[in-house]
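Have a look at the structure below, then the notes.
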Amino acid sequence: MTGTSDALFEYIAAELAKFVAQEGPEYKLPPGRQRELGFTFSFPVMQTSITSGTLLRWTKGFSIDDVVGQDVVAQLSKAMQKLGLDMCVSALVNDTVGTLAGGRYNNNDVVAAVILGTGSNAAYVERAQAIPKWHGPSKSGDMVINMEWGNFRSSHLPLTDYDHAMDAEGLNPGDQIYEKMISGMYLGEIIRRVLLRMAEETAIFGDTVPPKLKEPFVLRTPDTSAMHHDASSDLKVVDNKLKEVLEISNTSLRVRKIIVELCNIVATRGARLAAAGILGILKKMGRDTLKDGDQQKTVIAMDGGLYEHYTGFSKCLENTLEELLGEDVFKSIVIEHANDGSGIGAALLAASHSKYLEDQS
Ligand code: GLC
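As structure tokens, then:
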């Protein structure tokens, strides 16, 4: 996540080479035919064509300065060439766009994709005419928008002291404010910051502040999710996590209950805000109301570990969406979980933009 551009892309190329080496004989290509690749790159890119785009800025804790402003396809191609890997990129795809493509391939009612994982973002299908900055052609009349919604911020989005401090002390201050309130990379860290303040201002963990609690990002969202879901009467999971992760022992049941409630508060805020983002897309597409006799389904392809594994979070998101839309409209909305939808979607896009097939026709 830190280092040089060459190190990053040569690592990816080396992993690809290992994958190709493991393939069975049924995948051997005829001589002269190159392997083609769908490249899912889950960061903000200024996309200049289906096979080129420059990195605008890193997000999610990555920090490799010399890639910013570079064409990531050219960088990967250079690394593949250096390793003697005979392969080319046929489609550069953001993970939201890959998820949308993969979802749509399986189900024609898919109109948007949302990622709730380490980071968060969404993509949807827009009428090309409704995009003021697009002057080029569009065969179908439609265009996919990668929203980069993680970078949303607004004076109407109230931030706490913990949000401000986490943002200011992080790698990308001022950026990705919405993502920092809702996604997997940050929920655990917000909770750690609240716990640290509680430990400093009260004697919740005894007379001294546990040193581990001062380590940024030591408490990960899978840990807080496990604590939040602890169904045991004595909150054994909370007890174990506190010991294992934060080296805090001998907590009372009362303190452990407070911790579960804290996890609930932070996850609920994130899930409700994520639901608000989805409602925004539905409104933009005119899918937040039912037209007369309308049986149309609106399917949202969803990917990411946060949504998949943190059921307290995903349930709250769905309940909020129902609350916002009303029962009847909510019935027309389907959130479809697409496991590695982004990788599969990128492969499908690469296949449909295959250079080899283009040369044949
Ligand atoms: C971050 C990236 C975005 C990506 C999202 C989900 O927000 O900037 O491009 O789609 O994470 O992985």
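Taken in order, the sequence shown gives residues 1 to 361; the numbers are from full-length UniProt numbering.
Idealized CB from N, CA, C, for every residue including glycine.
Computed from a predicted structure; not experimentally measured.
For residue i versus residue j, is the C-beta distance shorter than 9 Å?
| i | j | result |
| --- | --- | --- |
| A122 | T96 | yes |
| G103 | V110 | yes |
| K180 | G170 | yes |
| L29 | C88 | no |
| V245 | D230 | no |
| A301 | S120 | no |
| A310 | T221 | The sequence shown places Tyr at residue 310, rather than the Ala named in the question. In contact: Y310 and T221 (Cβ atoms closer than 9 Å). |
| F9 | K78 | yes |
| G345 | Y124 | no |
| I145 | S42 | no |
| Y356 | Q81 | no |
What is the rounded straight-line gap between the Cα of residue i and the Cα of residue j?
| i | j | result |
| --- | --- | --- |
| L100 | H164 | 33 Å |
| S183 | R272 | 12 Å |
| D292 | A112 | 23 Å |
| G343 | F205 | 44 Å |
| S332 | Q296 | 7 Å |
| R254 | S233 | 12 Å |
| D239 | T268 | 22 Å |
| Y178 | I131 | 23 Å |
| M198 | S140 | 56 Å |
| L235 | V299 | 37 Å |
| V334 | P211 | 45 Å |
| K214 | E247 | 12 Å |
| I12 | M143 | 30 Å |
| V218 | E308 | 22 Å |
| A168 | D66 | 23 Å |
| G326 | G286 | 15 Å |
| H228 | G117 | 17 Å |
| E23 | L16 | 11 Å |
Using DSSP with H/G/I as helix, E/B as strand and the rest coil, what is residue i?
| i | result |
| --- | --- |
| D62 | First, the amino acid is wrong: residue 62 is Phe here, not Asp. F62: coil per DSSP, three-state reduction. |
| E126 | strand |
| K248 | Here residue 248 is Ile; the residue named in the question, Lys, does not match the sequence. Looking at I248 - three-state DSSP - the assignment turns out to be coil, as it is neither helix nor strand. |
| I335 | strand |
| G343 | helix |
| D230 | coil |
| Q70 | coil |
| G305 | helix |
| I177 | helix |
| V218 | coil |
| M1 | coil |
| Q296 | coil |
| T48 | strand |
| G53 | strand |
| S120 | strand |
| P132 | coil |
| V237 | helix |
| V209 | coil |
Provide the residue span of the alpha helix (DSSP H) that contains residue i, from first to last.
| i | result |
| --- | --- |
| H353 | Neither: H353 is in no alpha helix (DSSP H) and is coded neither H nor E. |
| A199 | 184–201 |
| E261 | 253–284 |
| D6 | 5–22 |
| M166 | 161–169 |
From what residue to what residue does the beta strand (DSSP E) around residue i run?
| i | result |
| --- | --- |
| D142 | 142–146 |
| E36 | 35–40 |
| M87 | 87–93 |
| G312 | No beta strand (DSSP E) contains G312, which is instead part of the alpha helix (DSSP H) from 311–325. |
| S116 | Looking at the sequence shown, residue 116 is not Ser but Leu. Residues 110–116. |
Our contact map puts residue i next to residue j with C-beta atoms below 8 Å; I'd like the distance itself, whole angstroms only.
| i | j | result |
| --- | --- | --- |
| S63 | T2 | 5 Å |
| G341 | F313 | Their Cβ separation, rounded to whole angstroms, is 18 Å, which puts G341 and F313 out of contact at 8 Å. |
| F39 | A74 | 11 Å between Cβ atoms; not a contact. |
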